[in-house]
Amino acid sequence: MTKLPSSIFNEVIGPVMTGPSSSHTAAPSRIGNLAGQLAGGKLLRVQVTFETNGSFATTYRGQKSDQGLAAGLMGMFPPDPRLSDALSLIEASGVDLTFVIKDFKADHPNVVLLDIVDEHGGFVFVKALSTGGGRIELNEINGCPIYMAGDYHELVILLPEQVTTSMEQLCSKVEGLLGKSGVVVHGSTVSDNNKKDDAWRGVIVIHTRQTLSSELLSSVKALCGKAEIREVAPVMPVLASAKCEVPFTRAEKLLEWCAEHDDAPLWKAAAVYEAARGNVDEETVLNMMKDIAVVMEAAITTGMTGNFSMRGFLTPTAGKLCSAAEKGKFIPTGMLNKGTVMAVAVMELNSAMGCVVAAPTAGSCGVLPAAVFSTLDELGVPEDLRMEVAAKAMLSAGLIGVFISEQSTFATEVCGCQAECGSAASMAAAALVEMAGGSALAACDAAALAMQNSLGLTCDPVAEQVEVPCIGRNVGAVSNAVSSANLAMFGFKGNLPLDDVICAMWEVGNALPDTLRCTGKGGLCTTPSGVKIKEEVDRIRFAS
């Protein structure tokens, strides 16, 4: 099945989620949700396996992957506030959930295996990936290669070993039965070499934008005989389409498109892109982003109060910082002072497992709201226009994120913090150019500059927490974005186009050792003070 172009709302701005990590909290909840829907009844036992050298193995407790998976298995979604209590809730429901770390061949740092047994004794095995920023892939069911990304309504047909009709013939019959454009059917098998006949087991996945009617569902069941059938609902906000054509996936082509469309602003290009990607109209796209802007501003407001406990080793400071700034005690830097405090506020709320928006990740969720909303205040945008201006800025940021997603990654486990805070700074720089009335070319130049300034950033969170150095790097990314926007709009050029810089980020990220890519095995994590902090965090965690 062909992978679709990135969606602004699926891959870049979002999910709206409970902190602290998009890759390690939100994505596991989505994986758990899909896997739970594949079970044949109430869950009885679930074994989760992480690969020894992968990122989950060392971070799944500190970054709440265990709670995310538990929440998803119970049908929760990333923003559900109950996620922070998911482990106790799933235990109370009678599900035996265990976590195992062992060696196996993994093709990605964020692989998770789930062995699920339901109340009827039915069994399903799922292999899944968290690919960065909350995006997921299921790529194996019961040993059969498949592809599910949570962006379709899906009918999953689990075929018994007694089936002897070829998979190609069976898929063809299913397609003929459905007879609808926009329906994607694919199947795969796994042979049992111990069998003497042609028996095999397999999986067919039917992808649709809407649930099948009861009549069609009955017909599919009749066609597939003794197969087990699961209806799986989507977990992503934007549904995929069988036929999806977007106007561009690289900055170079974007600029050509803008030139052909009366020098269209970046936000307009973003709205056109996402409307094509999601098969919706541009007004719907803008309204979706306005809703997200409301959540971002609420995160700033809540984060400023400090009325919460962070889940790591720090205590909230945004309120005190805000007071100092308002009293003129900060070194005067204009909107950067307010942006600094806002970035801290959102990241502290994220650490407390509050509601934030990954942009493009939870580990960088303070950058875009801080840059956008501090600038809104500085520009004096009227209250009735704030959300529209914010949404257009964030759409601009989102389109830059699409180019990053298409040519590199947001996964810190693959490319380090340059993929998170570096991407966020790049996106925020473009958003600020949009807010200042700059051109799409200036926005891309600003994004390129901000990314250049971030190359080589490692991911080395102390004690597995999304606190140090994450909060400080969010603040630094806001400053990077503001400086890059000003430079690009008023004459300074970095001379390297955005697409080239994104590809360089990918190259640099892959050159980083895995010890500096969110494994807790290098950098600040292994300094004497970093080790001591982790020991204290572990002591408190295991004592509770």
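Residue numbering for the sequence shown follows the numbering used here, starting at 12 and increasing by one per position.
We put the beta carbon where it would ideally sit given N, CA and C, even for glycine.
Neighbourhood of residue i by C-beta distance below 6 Å, restricted to the same chain and skipping five residues each side
i           : result
residue 186 : 196
residue 285 : 19, 296
residue 114 : 63
residue 453 : 444, 499, 500
residue 160 : 148
residue 73  : 475, 476
residue 370 : 24, 376, 379
residue 463 : 505, 512
residue 178 : 198, 200, 213
Residues near residue i by beta carbon distance below 7 Å, same chain, minus five either side
i           : result
residue 554 : none
residue 53  : 129, 130
residue 155 : 199, 200, 201, 213, 214
residue 539 : none
residue 490 : 347
residue 15  : 251, 255
residue 101 : 81, 84, 85, 108
residue 51  : 129, 131, 133, 239
residue 416 : 17, 22, 23
residue 352 : 329, 332, 333, 336
Cβ-Cβ distance between residue i and residue j below 8 Å
i           : j           : result
residue 441 : residue 422 : no
residue 514 : residue 470 : no
residue 482 : residue 380 : no
residue 397 : residue 363 : no
residue 75  : residue 104 : no
residue 251 : residue 163 : yes
residue 78  : residue 111 : no
residue 280 : residue 414 : no
residue 141 : residue 287 : no
residue 535 : residue 499 : no
residue 390 : residue 401 : no
residue 217 : residue 165 : yes
residue 48  : residue 241 : yes
residue 42  : residue 147 : yes
residue 325 : residue 478 : yes
residue 456 : residue 505 : yes
residue 385 : residue 349 : yes
residue 268 : residue 258 : yes
residue 143 : residue 34  : yes
residue 329 : residue 339 : no
residue 170 : residue 234 : no
residue 529 : residue 70  : yes
residue 382 : residue 305 : no
Three-state class that DSSP yields for residue i in the structure shown
i           : result
residue 284 : helix
residue 223 : coil
residue 58  : strand
residue 217 : strand
residue 235 : coil
residue 207 : Confidence is the limiting factor: at residue 207 the pLDDT is only 39, short of 50, which leaves the residue's position unreliable, though a coordinate-based value still follows. In this structure, residue 207 counts as coil in the three-state DSSP scheme.
residue 198 : strand
residue 366 : strand
residue 342 : coil
residue 256 : coil
residue 212 : strand
residue 243 : strand
residue 333 : helix
residue 550 : helix
residue 11  : Any question about residue 11 goes unanswered here, given that the chain covers just 12 to 555.
residue 305 : helix
residue 273 : coil
residue 384 : helix
residue 348 : helix
residue 374 : helix
residue 228 : helix
residue 279 : helix
residue 540 : helix
Cβ of residue i within 8 Å of any chain D Cβ
i          : result
residue 31 : Note that chain D does not occur in the displayed structure, where there is just one protein chain.
Near the ligand ADP: residue i beta-carbon under 7 Å from a heavy atom
i           : result
residue 398 : In the structure shown, the ligand ADP is absent, as is every other ligand, since no ligand is present at all.
Chain-order list of residues whose beta-carbon lies under 8 Å from that of residue i (same chain, five-residue window excluded)
i           : result
residue 204 : Any reading at residue 204 needs caution, since the residue's pLDDT is 49, under 50, leaving its predicted position unreliable; the model's value is listed next. Cβ neighbours of residue 204 beyond the five flanking positions: none.
residue 207 : Residue placement at residue 207 cannot be trusted, given a pLDDT of 39 that sits under 50; the coordinates are not used to answer.
residue 271 : none
residue 510 : 261, 262, 263, 414, 418
| field | Contiguous beta strand (DSSP E) assignments of at least 3 residues, all confined to the segment 102–190 | value | 107–113, 122–129, 134–143, 146–152, 155–159, 164–170
| message | Using 8 Å as the cut-off, can you tell me whether the segment 26–45 makes contact with the segment 86–101, which would need three or more C-beta pairs spanning the two stretches below that distance? | response | yes
| query | Which runs of the alpha helix (DSSP H), 4 residues or longer, sit entirely within the segment 394–456? | reply | 397–418, 423–426, 432–446
| Completely contained beta strand (DSSP E) runs for the segment 469–528, where each covers 3 or more residues | none
| query | If we count Cβ pairs, one from each stretch, closer than 8 Å, do we get three or more for the segment 439–456 versus the segment 392–409? | reply | yes
| field | Residue ranges of each beta strand (DSSP E) within the segment 17–105, 3 or longer | value | 27–29, 54–62
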